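First residue of the sequence shown? That's 2 in the numbering used here, and the numbers climb one at a time after it.
Cβ atoms here follow ideal geometry from the backbone N, Cα and C, with glycine treated the same way.
If you're wondering where the values come from, they're calculated on a predicted model, not measured in any experiment.
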Amino acid sequence: MLETKIIESRAHEMIAVYEYKNKDVRGDYVLLFNHGFVGNKITPHRMAVNLSRKILDMGITTVRFDCVGAGDSEGDYEYMTINGEVEDTLNVVEVLKKDFNMKKLFMMGYSMGGAIAALSAAEVNPDALILWSPVSNPFWNFYHLIGHEKFMKGINGNDVDVEGDMVSRKFFEDIIKIDPIRKIKNFENPVRIIHGSKDNDILPINSIAYKSVLRDVKVKFIDEADHCYSSAKFQSQLIEETSKFIIELLK
Numbered sequence: 002m003l004e005t006k007i008i009e010s011r012a013h014e015m016i017a018v019y020e021y022k023n024k025d026v027r028g029d030y031v032l033l034f035n036h037g038f039v040g041n042k043i044t045p046h047r048m049a050v051n052l053s054r055k056i057l058d059m060g061i062t063t064v065r066f067d068c069v070g071a072g073d074s075e076g077d078y079e080y081m082t083i084n085g086e087v088e089d090t091l092n093v094v095e096v097l098k099k100d101f102n103m104k105k106l107f108m109m110g111y112s113m114g115g116a117i118a119a120l121s122a123a124e125v126n127p128d129a130l131i132l133w134s135p136v137s138n139p140f141w142n143f144y145h146l147i148g149h150e151k152f153m154k155g156i157n158g159n160d161v162d163v164e165g166d167m168v169s170r171k172f173f174e175d176i177i178k179i180d181p182i183r184k185i186k187n188f189e190n191p192v193r194i195i196h197g198s199k200d201n202d203i204l205p206i207n208s209i210a211y212k213s214v215l216r217d218v219k220v221k222f223i224d225e226a227d228h229c230y231s232s233a234k235f236q237s238q239l240i241e242e243t244s245k246f247i248i249e250l251l252k
């Protein structure tokens with residue numbers, strides 16, 4: 002079953018989708034998903050949607066939403082900042098507390114959404130955190146991803162065109178101050194991470210960085226997979242390994 006929900010954040014309306022097997026299990030066990038950089042609630046190859054459909058029979062309610070300035074939500078590219086998306090996530094959590102009688106809340110993020118989920122989890126303290134190919138050091142990662150010329154243009158106070166998506170100067174203003182690893186290092190609940198071994202966008206060392214500071218953590222590398230898991234085989238492995246982690250976390 003699908004529900005759409007309008008959630009307000011930063012004086013704008015965001016679109017969220019709730020998905021669950023039936024009303025008897027609605028909101029008991031909730032998985033909240035954070036999309037990536039210039040991304041949306043669907044993700045490349047509909048990976049977030051496909052995961053949702055895979056785990057509904059476990060009694061999970063999935064919540065996918067577009068941050069302000071992303072996907073179907075209000076706002077434009079100027080609203081895409083890491084701190085802004087953390088604020089969006091915390092506002093979604095507050096709505097979930099009102100809408101559901103949650104037995105467990107799992108937070109999950111892909112790519113930059115992994116950093117958003119980690120930063121948010123430090124505030125929310127969910128029952129578990131699941132990360133796909135997560136950013137651990139935004140300053141270094143986006144220098145690597147965007148390249149020297151465009152990154153320095155952004156750091157110097159300019160909007161930047163990144164492969165057809167505009168990235169605001171506001172994105173770069175406080176990026177040097179954001180440290181998900183430092184923020185999440187005292188998190189004591191389970192953390193499960195999946196990363197492609199051939200991810201050249203967000204390098205696998207990012208997942209190792211998370212592993213080095215967390216207490217209850219497991220990392221699964223998908224052999225030969227890139228950042229977007231750009232084959233049906235890689236996507237199948239991603240969904241299957243994530244499902245195994247969720248089964249474990251439900252126990």
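Measuring C-alpha to C-alpha distances from residue 119 to each of 233, 250 and 181 identifies 181 as the nearest. Under the DSSP assignment, residue 10 falls in the beta strand (DSSP E) whose first and last residues are 3 to 10. In the pairwise beta carbon analysis, the stretch 142 to 153 is classified as not touching the stretch 69 to 88: fewer than three pairs are separated by under 8 Å. In this structure, DSSP gives residue 158 a state outside helix and strand, which the three-state scheme calls coil. In this structure, the alpha-carbon of residue 115 lies about 6 Å from that of residue 136. By the neighbour-count definition (other C-beta atoms within 10 Å, threshold 16), residue 63 is a buried residue. Taking a C-beta distance under 8 Å as the contact criterion, residue 26 and residue 65 do not qualify as a contact pair. Annotation: residue 90 is outside any beta strand (DSSP E); the continuous alpha helix (DSSP H) that includes it extends over 83 to 100. Taken atom to atom, the span from the alpha-carbon of residue 102 to that of residue 166 is near 38 Å. In this structure, DSSP gives residue 189 a state outside helix and strand, which the three-state scheme calls coil. A distance below 6 Å between beta-carbons, with the five flanking residues on each side excluded, links residue 208 to the following residues of its chain, in chain order: 194, 196 and 220. In the displayed model, residue 146 falls within a helix according to three-state DSSP. Counting only the Cα atoms, residue 105 lies some 42 Å from residue 159.
Residue range 113 to 125 is occupied by the alpha helix (DSSP H) that includes residue 123. When the alpha-carbon of residue 4 is set against those of 59, 97 and 47, the nearest one is in 97.
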